[in-house]
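S.K.: Chain order of the listed sequences is R and E. Counting from 669, one number per residue, gives the positions in the first sequence under this note's numbering. Counting from 669, one number per residue, gives the positions in the second sequence under this note's numbering. Take a look at the following structure, please.
Number of protein chains: 2
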Amino acid sequence: MIVGGGFGGLRVARRLRRATVDVTLLDRHNHHLFQPLLYQVATGSLAPGEIAPPLRGVLRRQRNVQVLLADVTGFDLGGRVVRAVGPQGRPLEVPYDWLVVAAAATDTYFGREEWRQHAPGLKSIADALRVRDEILSAFEAAELEPDEESRRRLLTFVVVGAGPTGVELAGQIAELARDTLRRDYRSIDTGTSRVLLVEGGPRALAAFDQRLSARTARSLASLGVDLRTGALVAGIDAQGVELDTPAGRERVDAGTVIWAAGVRASPLAGELAAASGGELDRGGRIPVQADMSLPGHPEVFVIGDMTATGLPGTSPVAMQQGAHTARMIERRIAGRETRPFHFRDKGNMATIGRYRAVVEIGPLRLGGLVAWLLWLLIHITYLIGFANRLLVLLRWSISFFTHGRVERVITGEPPR
Amino acid sequence: MIVGGGFGGLRVARRLRRATVDVTLLDRHNHHLFQPLLYQVATGSLAPGEIAPPLRGVLRRQRNVQVLLADVTGFDLGGRVVRAVGPQGRPLEVPYDWLVVAAAATDTYFGREEWRQHAPGLKSIADALRVRDEILSAFEAAELEPDEESRRRLLTFVVVGAGPTGVELAGQIAELARDTLRRDYRSIDTGTSRVLLVEGGPRALAAFDQRLSARTARSLASLGVDLRTGALVAGIDAQGVELDTPAGRERVDAGTVIWAAGVRASPLAGELAAASGGELDRGGRIPVQADMSLPGHPEVFVIGDMTATGLPGTSPVAMQQGAHTARMIERRIAGRETRPFHFRDKGNMATIGRYRAVVEIGPLRLGGLVAWLLWLLIHITYLIGFANRLLVLLRWSISFFTHGRVERVITGEPPR
């Protein structure tokens, strides 16, 4: 039984394809999500389906897997049962012999839940479509706004958090404003839009080498993104944000605020801790044994962003832990001992805009066009499904030559 | 001033590109909608952006057009002002010299508005995504349903209305169930799904030649669609529909009911009638002069599905009326008389499933593969935007070879 069809959970299922086990994969969405490209859905470059293949489709040929669309509500580790709710509120109890929990992470507003309504996060397809609606609607409202000050506010976009998602999102909003939309409006010049990237720490992409952070800062500047490091968000309301900066409190009026700052383990980590008597760390993550099993429950494995392992919450970590877990389950079934998980760091990459990316592979530090091409290649390779690869490649080629973005539908209700 | 960026309104704007006029195009959506392919978004074959290009993008190079995202609330024909509401509820008053109203049509439930919540229509991108969510969720719920009778209900799909949209939608749902999804589920056989196409009149595609209706009925039967002509909907609730058939009252339990039956002119027809002292016909349409102008208001033109002209509510009619209206405005500005509008019927087509379509062109009656290829060619040609043509062509090629559908994300909230 696998809870979660993200990078980790899906890898477990696939690696068990030749094992003599029956696999149940349970997810509350009907699709896997290629989260590294979610910001491209939020900025109109890709369609949702291209990065979110249905889990059933991905696993259709693997006859030992059953996929269930349901939301887990709790664990009975003694009775070896997972409790969940299916479509239309139907309660479910699913028994298991082996359990893998790979429920990833969610946004956290650090106890300021009231910020969520003004500053949506970017974790799901629904989030991405909401963010896209907000960005595109801000330009529409600005076009109709006669008051100069209100127009400036509507054309100000604040992204909170300069990790890879924040950097990529800010870069894309800047390109959207200065390039894609520039000739679309008559009353406003979208090129005068202000894109602010707010980071509490001292530099963007803190997980990368310092030189790449510096390079990222230069790339952002050349795109017109105003990177503000050492700035903490003190408040968010319908009109903008309050920042605590080294120079003191600062008010930034903004029409759109997007939250790419706080990540917290899935609440299922708490359910597991409650069921097993464990304790969570400050990020809500659950400690695991060296072999990724839950302390006291060798039949339960926990992987990915919800575990307190000291490793970054990235897809390569989740995937390697997934592959390891599948191997460990096979070993245990064969009566053998488990082994500790070791992460093989294959590198780190982020893109900032057209032709611009930063890449770390071992001692290698790359920036610029070469890094960007490598980024393209790797993202196309890791996309699931031949159709998605073709479609994304065609979309990117079209965008490259036309500077256009095809997916720019505002799906929400009309203004009235 | 043009109200509505559909087939008619957009054609007016484009035909005025070399005229010495300033054009304002007002729409409550930010996109044009290629409605003939909306059912393909509803069944996962296409992404929204591919059939809904942003109006600003379509008209970006036409410097004499300004696009406004706003919802019209009323007309002051004496003062020559259109009243509207923009994003975030901002009231607008837009003055005009010449007004073209091309606000199309909406669903009607014939006075049974309570049916809407159980049987969504298919008029907008938001509608299509809702229908897609409902169809895909029905299969998900069925997979988890232990009770045989409830499972049968969940796997029953009712489409009301056998015009082109109803026929195409029913055909696609049947293909989705019997082909695309067949190997995706483990507990249910989606191939046993029941697709019911309910039509009050004596035949499907009543606007077509009788022989093509017969051919359509055969094609639907071979796809496994149960076409029920002469059946009137007497009731719709959360559990299914009640039909009045020649054999008496019949209850059909269904998990999904989709409304493709009633069309009524936009409420703006009523606003225009109130402002001009005119009267609407039974379909809520407004009578116009032979030159498409509003009686008593030679400076106001009304075109497309909202006019009572006796012509069908199709895109060719709206487009030809749009072109005519642009010419008439130019003539009037040049001090010349207007001329009556004449519709040149270039034919009629509908598709039923893979390789199956029906086409009427003059005396020509086509069915089968040739008709389907012609349908493909014409739909690709009329799609707006080079990128959309390429993407749709690639999507259809992929679907053709893999029988897959890439856009199958359930975007709604998870089950809990």
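Quick reminder that beta carbons are idealized off the backbone N, C-alpha and C, glycines included.
Going by DSSP, what residue range makes up the beta strand (DSSP E) through L965(E)?
M.R.: Locating residue 965(E) in the second sequence gives position 297, counting from the first residue. According to the sequence provided, residue 965(E) is His. The question's Leu does not apply to it. Unbroken beta strand (DSSP E) run through H965(E): H965 to V970.
S.K.: Among the candidates E867(R), L693(R), V931(R) and A885(R), whose CA atom is the shortest distance from the CA of T774(R)?
M.R.: The count along the first sequence starts at 1 and reaches residue 774(R) at position 106. Considering only alpha carbons, the answer is V931(R).
S.K.: Does any residue of chain R have a CB that is nearer than 9 Å to the CB of P935(E)?
M.R.: Start at 1 with the first residue of the second sequence, and residue 935(E) comes out as number 267. Answer no: the Cβ-Cβ gap between P935(E) and chain R never drops below 9 Å.
S.K.: Which two residues bound the contiguous beta strand (DSSP E) that contains M1017(R)?
M.R.: Taking the first sequence and counting its residues from 1, the one referred to as residue 1017(R) is at position 349. Where M1017(R) is concerned, the enclosing beta strand (DSSP E) stretches over N1016 to G1021.
S.K.: Can you tell which of G677(R), V749(R), S983(R) and W766(R) has its C-alpha closest to the C-alpha of P759(R)?
M.R.: As a working note, residue 759(R) is residue 91 in the first sequence. For P759(R), the nearest C-alpha among the options comes from V749(R).
S.K.: Could you check the C-alpha separation between P722(R) and G946(E) for me, to the nearest Å?
M.R.: Residue mapping note: residue 722(R) aligns to position 54 of the first sequence, counting from 1. Residue mapping note: residue 946(E) aligns to position 278 of the second sequence, counting from 1. P722(R) and G946(E): Cα-Cα distance of roughly 52 Å.
S.K.: Confirm, please, whether the CB-CB distance from T975(E) to M960(E) is below 9 Å.
M.R.: The residue given as residue 960(E) occupies position 292 in the second sequence. The residue given as residue 975(E) occupies position 307 in the second sequence. Yes, Cβ-Cβ distance for M960(E) and T975(E) is below 9 Å.
S.K.: For I1091(R), collect the residues of the same chain with a Cβ closer than 6 Å to its Cβ; drop the 5 residues on either side in sequence, then sort them by chain order.
M.R.: Residue 1091(R) lies beyond the stretch modelled for chain R, which goes from 669 to 1084, so this question has no answer here.
S.K.: Would you list the one or two residues that DSSP bridges to F743(R)?
M.R.: Counted from its first residue, the first sequence places residue 743(R) at position 75. F743(R) is bridged to V750(R).
S.K.: Among L891(R), P914(R), V893(R) and G677(R), which residue has its Cα nearest to the Cα of A902(R)?
M.R.: Within the first sequence, residue 902(R) is the residue found at index 234, counting from 1. Of the candidates L891(R), P914(R), V893(R) and G677(R), the one whose C-alpha sits nearest the C-alpha of A902(R) is P914(R).
S.K.: If you follow the beta strand (DSSP E) that D973(E) is part of, which residue opens it and which one closes it?
M.R.: By 1-based counting over the second sequence, the position of residue 973(E) is 305. Neither: D973(E) is in no beta strand (DSSP E) and is coded neither H nor E.
S.K.: Thinking C-beta only, is L837(R) closer than 9 Å to G868(R)?
M.R.: Position 200 of the first sequence, counted from the first residue, corresponds to residue 868(R). Position 169 of the first sequence, counted from the first residue, corresponds to residue 837(R). Contact flag unset, no.
S.K.: Along chain E, which residues have their Cβ under 7 Å away from the Cβ of Y1050(R)?
M.R.: Position 382 of the first sequence, counted from the start, is the residue given in the question as residue 1050(R). Neighbours of Y1050(R) on chain E: none; closest Cβ ~17 Å, over 7 Å.
S.K.: Answer with yes or no whether the minimum CB distance from Q785(E) to chain B is below 9 Å.
M.R.: The question asks about chain B, but that chain is absent: this structure's protein chains are R and E.
S.K.: Taking only beta carbons into account, state which residues of the region 1032-1060 of chain E come closer than 7 Å to chain R, listed in chain order.
M.R.: Flagged, chain order: A1055, N1056, L1058 and L1059.
S.K.: From F1009(R) to A958(R), what distance separates their C-alpha atoms?
M.R.: As a working note, residue 1009(R) is residue 341 in the first sequence. As a working note, residue 958(R) is residue 290 in the first sequence. Cα-Cα distance, rounded: 6 Å.
S.K.: Can you have a look at R917(R) and say buried or exposed, based on whether 16 or more other CB atoms are within 10 angstroms of its CB?
M.R.: As a position in the first sequence, residue 917(R) is number 249, starting the count at 1. Exposed is the call here.
S.K.: Would you grab the beta carbon distance between R1007(E) and A922(E) for me? Rounded to a whole angstrom, and I think it's under 8 Å.
M.R.: Position 339 of the second sequence, counted from the start, is the residue given in the question as residue 1007(E). Position 254 of the second sequence, counted from the start, is the residue given in the question as residue 922(E). Going by Cβ atoms, the distance from R1007(E) to A922(E) rounds to 50 Å, so no, they are not a contact pair.
S.K.: Name the residues in the region 793-813 of chain E whose C-beta lies less than 8 Å from a C-beta of chain R; which are they?
M.R.: Residues I793, A794, L797, L804, S805, E808, A809, E811, L812 and E813.
S.K.: In or out: V1027(R) buried (at least 16 other Cβ within 10 Å) or exposed?
M.R.: Numbered from its first residue, the first sequence carries residue 1027(R) at position 359. With 16 or more Cβ atoms within 10 Å of its Cβ, V1027(R) is classed as buried.
S.K.: What do you reckon, are the CB atoms on R1000(E) and W766(E) nearer than 9 Å?
M.R.: Residue 1000(E) sits at position 332 when you count from the first residue of the second sequence. Residue 766(E) sits at position 98 when you count from the first residue of the second sequence. Their beta carbons are under 9 Å apart, which means R1000(E) touches W766(E) by this criterion.
S.K.: So, with DSSP's three-state summary, where would you put L1051(E)?
M.R.: Taking the second sequence and counting its residues from 1, one reaches residue 1051(E) at position 383. In the structure shown, L1051(E) sits in coil (DSSP, three-state: anything other than H, G, I, E or B).
S.K.: When you compare each of V740(R), G712(R) and Q708(R) to G672(R) by their alpha carbons, which one comes out closest?
M.R.: Here residue 672(R) refers to the residue found at position 4 of the first sequence. That would be V740(R), whose Cα lies nearest to the Cα of G672(R).
S.K.: What are the start and end residues of the beta strand (DSSP E) that includes I803(E)?
M.R.: Here the question's residue 803(E) lines up with position 135 in the second sequence. Per DSSP, I803(E) belongs to no beta strand (DSSP E); it is in the alpha helix (DSSP H), I793 to E811.
S.K.: Can you list the beta strand (DSSP E) stretches of 3 or more residues lying completely in the region 914-992 of chain R, in chain order?
M.R.: Qualifying beta strand (DSSP E) stretches, in chain order: 916-921, 924-927, 931-933 and 965-970.
S.K.: Can you tell me whether S881(R) is buried or exposed? The criterion is at least 16 other CB atoms within 10 Å of its CB, across all chains shown.
M.R.: Taking the first sequence and counting its residues from 1, the one referred to as residue 881(R) is at position 213. The residue is buried, with at least 16 neighbouring Cβ atoms inside 10 Å.
S.K.: Please state the DSSP three-state secondary structure of A762(R).
M.R.: Here residue 762(R) refers to the residue found at position 94 when the first sequence is read from its first residue. For clarity, residue 762(R) is Val in the given sequence; the question names Ala instead. Three-state DSSP puts V762(R) in a strand.
S.K.: Below 7 Å on C-beta distance, what does G717(R) contact in chain E?
M.R.: In the first sequence, counting from the first residue as 1, residue 717(R) sits at position 49. Going along chain E in sequence order, the residues near G717(R) (Cβ under 7 Å) are A715, V1074, E1075, R1076 and V1077.
S.K.: Along the chain, where does the beta strand (DSSP E) containing Q734(E) start, and where does it finish?
M.R.: Here the question's residue 734(E) lines up with position 66 in the second sequence. V733 to L737 is the span of the beta strand (DSSP E), which, as asked, contains Q734(E).
S.K.: Tell me, please, which residues DSSP counts as bridged to R896(E).
M.R.: As a working mapping, residue 896(E) is identified with position 228 in the second sequence. Per DSSP, V866(E).
S.K.: Work out the CA separation of G1080(R) and R679(E) for me, nearest whole Å.
M.R.: Translated into positions along the second sequence, residue 679(E) becomes position 11. Translated into positions along the first sequence, residue 1080(R) becomes position 412. Each residue's Cα considered, the two are about 25 Å apart.
S.K.: Secondary structure at P722(R), three-state DSSP: helix, strand or coil?
M.R.: Sequence index remark: in the first sequence, residue 722(R) carries index 54 (1-based). Three-state result, P722(R): strand.
S.K.: Is it true that the CB of A933(R) sits closer than 9 Å to the CB of G952(R)?
M.R.: Indexing the first sequence from 1 puts residue 952(R) at position 284. Indexing the first sequence from 1 puts residue 933(R) at position 265. For G952(R) and A933(R), yes; Cβs fall inside 9 Å.
S.K.: Please list the partners that I1066(E) has in chain R, where partner means a Cβ-to-Cβ separation under 9 Å.
M.R.: Taking the second sequence and counting its residues from 1, one reaches residue 1066(E) at position 398. The contacting residues are F1054, A1055, L1058 and L1059.
S.K.: Chain E beta carbons: is any one of them nearer than 9 Å to that of D852(R)?
M.R.: Residue numbering aside, residue 852(R) sits at position 184 when the first sequence is read from its first letter. D852(R) counts as touching chain E.
S.K.: For chain E, find out if any of its Cβ atoms is closer than 9 Å to the Cβ of D739(R); answer yes or no.
M.R.: Locating residue 739(R) in the first sequence gives position 71, counting from the first residue. Interface residue, yes.
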